[in-house]
Amino acid sequence: MYDEFFSKAQALREAGVPFATATVVRAERPTSGKPGDKAIVTADGTMYGWIGGSCAQPTVIREALAALRSDESRFVRLSPDPASQPPREGLLDVPMTCFSGGTLEIYIEPQQPQPRLIVVGGLPVARALAELARAMSYRTIVVDPAHHGDAPPYADELLTELPALAGRVTPVTFILIATHGQYDELALEQALATPAPYIGLVASRKRAAQVREYLADQGFAPEQLARFKSPAGLDIGARRGDEIALSIMAEIVQCRRGLADLAWQEAVEAPPAATPAEAIDPVCGMSVEIAGARYTYDHGGETFYFCCPACRKSFVRAPDEYLVHK
Numbered sequence: 001m002y003d004e005f006f007s008k009a010q011a012l013r014e015a016g017v018p019f020a021t022a023t024v025v026r027a028e029r030p031t032s033g034k035p036g037d038k039a040i041v042t043a044d045g046t047m048y049g050w051i052g053g054s055c056a057q058p059t060v061i062r063e064a065l066a067a068l069r070s071d072e073s074r075f076v077r078l079s080p081d082p083a084s085q086p087p088r089e090g091l092l093d094v095p096m097t098c099f100s101g102g103t104l105e106i107y108i109e110p111q112q113p114q115p116r117l118i119v120v121g122g123l124p125v126a127r128a129l130a131e132l133a134r135a136m137s138y139r140t141i142v143v144d145p146a147h148h149g150d151a152p153p154y155a156d157e158l159l160t161e162l163p164a165l166a167g168r169v170t171p172v173t174f175i176l177i178a179t180h181g182q183y184d185e186l187a188l189e190q191a192l193a194t195p196a197p198y199i200g201l202v203a204s205r206k207r208a209a210q211v212r213e214y215l216a217d218q219g220f221a222p223e224q225l226a227r228f229k230s231p232a233g234l235d236i237g238a239r240r241g242d243e244i245a246l247s248i249m250a251e252i253v254q255c256r257r258g259l260a261d262l263a264w265q266e267a268v269e270a271p272p273a274a275t276p277a278e279a280i281d282p283v284c285g286m287s288v289e290i291a292g293a294r295y296t297y298d299h300g301g302e303t304f305y306f307c308c309p310a311c312r313k314s315f316v317r318a319p320d321e322y323l324v325h326k
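Residue 326, in UniProt numbering, is where the sequence shown stops; the numbers in between run on with no holes.
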């Protein structure tokens, strides 16, 4: 199970997909979760791994998504009666009212994808930008067909073929082209074919206009051409190569943070679904994801959802007893 956990985490990192890890650090019987149990929760609410029974999973998923939104870790304690538990600083108490009882303490940590910078060309500004990006924990990939030998010290990876860059692009990959006019057009043709959120070109305004005209003649639509920025970088009055690199890095950071804010804003502002995503288990009060609910029961023209077979069995035996408190 642990091999599957780490393999899944590595695969998500390589794909640039955000996720959260949840680890049981303490458990009090009776509970099916044990210290060391681990799970991964992706941004769409999918869980991989084991973190305890069906009563714990909806809460863990909800808290994991909250951790991803805030980009902050959280320590959660699930217990039948949180009020009876001694308060601890930094610990979030959440009720878990299933019949199994028990207490779980779970550490949830968001894992944001490592941003990538692809630098095409060997200009001094490209090197300065790559060095700055590495210092900021970006994975740096240099694409330079003219380079021979090992990867330069400022690059995590060296590519010598332009088409190869497409296979390195994730949702948080940023591309800068600085070839001094040698193959700007060819590099942009490759970059514009990817979903990279930022594509910058180091060139004069006159040169950038020539590049746009060439690409338009090649059939690129205006909205495609609008995806690349030239001159690249924020206007900070930069003159030297390292200053230009700083202005470009600042623009990349601005783009990256804007992407994160927009993604969560769209999620919050999305129109509500025709049916609620979750229902309340009438027996234990737990939230149950409707789409993936395994235990349901139709009564009085209404469908009820349960977190486990024990809750369903109790409801079927005496539904009126629980409907009074609905």
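C-beta atoms are modelled at their ideal positions from N, C-alpha and C, and glycine is treated no differently.
Take Q224, set aside five residues on each side of it, and the residues of its chain with a beta-carbon closer than 7 Å to its own are L192, in chain order. Beta-bridge pairing by DSSP links K38 to T23. Contact between the stretch 312 to 323 and the stretch 282 to 298 is established, with three or more Cβ pairs separated by less than 8 Å.
Taking a contact as a CB-CB distance under 8 Å, the pair G45 and I61 counts as one, their CB atoms being some 5 Å apart. When DSSP assignments are scanned along the stretch 134 to 191, the uninterrupted stretches of alpha helix (DSSP H) that are 4 or more residues long and fall wholly within it turn out to be 184 to 191.
Rounded to whole angstroms, the Cβ separation of A238 and L176 is 14 Å, and the two are not in contact under 8 Å. Here the stretch 194 to 202 lies against the stretch 160 to 173, with 3 or more beta-carbon pairs under 8 Å apart.
Between the alpha carbons of S204 and H180 lies a distance of about 10 Å. According to DSSP, residue pairing for P95 in a beta bridge involves S79. The DSSP assignment places complete alpha helix (DSSP H) segments of no fewer than 4 residues inside the stretch 38 to 70 at 56 to 70, in order along the chain. Take the alpha-carbon of L246 and the one of V25: they are about 42 Å apart.
Restricting attention to L215, V172, A164 and D156, the CA atom closest to the CA of D184 is found in L215. Around the CB of A27, 16 or more other CB atoms lie within 10 Å, so the residue is classed as buried. Boundaries of the alpha helix (DSSP H) harbouring S314: P309 to R317, taken from the DSSP string. With a threshold of 16 other beta carbon atoms within 10 Å, E63 meets it and is buried.
Contact between the stretch 40 to 56 and the stretch 128 to 143 is not established, with fewer than three Cβ pairs separated by less than 8 Å. Counting only the Cα atoms, A39 lies some 35 Å from A250. Residue range R205 to D217 is occupied by the alpha helix (DSSP H) that includes D217. Its Cα nearest to that of R13, the residue P110 stands out among P110, S32, L234 and G102. Rounded to the nearest angstrom, the gap between the Cα atoms of P115 and A11 is 15 Å. Counting along the chain, E223 sits inside the alpha helix (DSSP H) bounded by residues P222 to L225.
The three-state reading of DSSP puts Q85 in coil, since its state is none of H, G, I, E or B. Considering only C308, Y322 and A20, the residue with the shortest C-alpha distance to S32 is C308. Rounded to whole angstroms, the Cβ separation of V76 and I106 is 5 Å, and the two are in contact under 8 Å. Residues of the same chain with a CB within less than 6 Å of the CB of P82, apart from the 5 flanking positions on each side, are D93 and P95 in chain order.
Across the structure, R29 and R256 are spaced so that their CA atoms are roughly 44 Å apart.
Assignment of beta-bridge partners to E28 by DSSP yields T103. In the DSSP assignment, T194 falls outside any beta strand (DSSP E) and carries neither an H nor an E.
One thing to note: G16 has its Cβ within 8 Å of the Cβ of V172. Residue environment analysis places R88 among the exposed positions, since fewer than 16 neighbouring C-beta atoms fall within 10 angstroms of its C-beta. Restricting attention to G219, G102 and L158, the CA atom closest to the CA of L117 is found in L158. When DSSP states are grouped into helix, strand and coil, I236 belongs to the coil group.
As the crow flies, the alpha-carbon of T21 is around 10 Å from that of G49. With contacts defined as CB atoms closer than 8 Å, S230 and L186 fail to qualify as a contacting pair.
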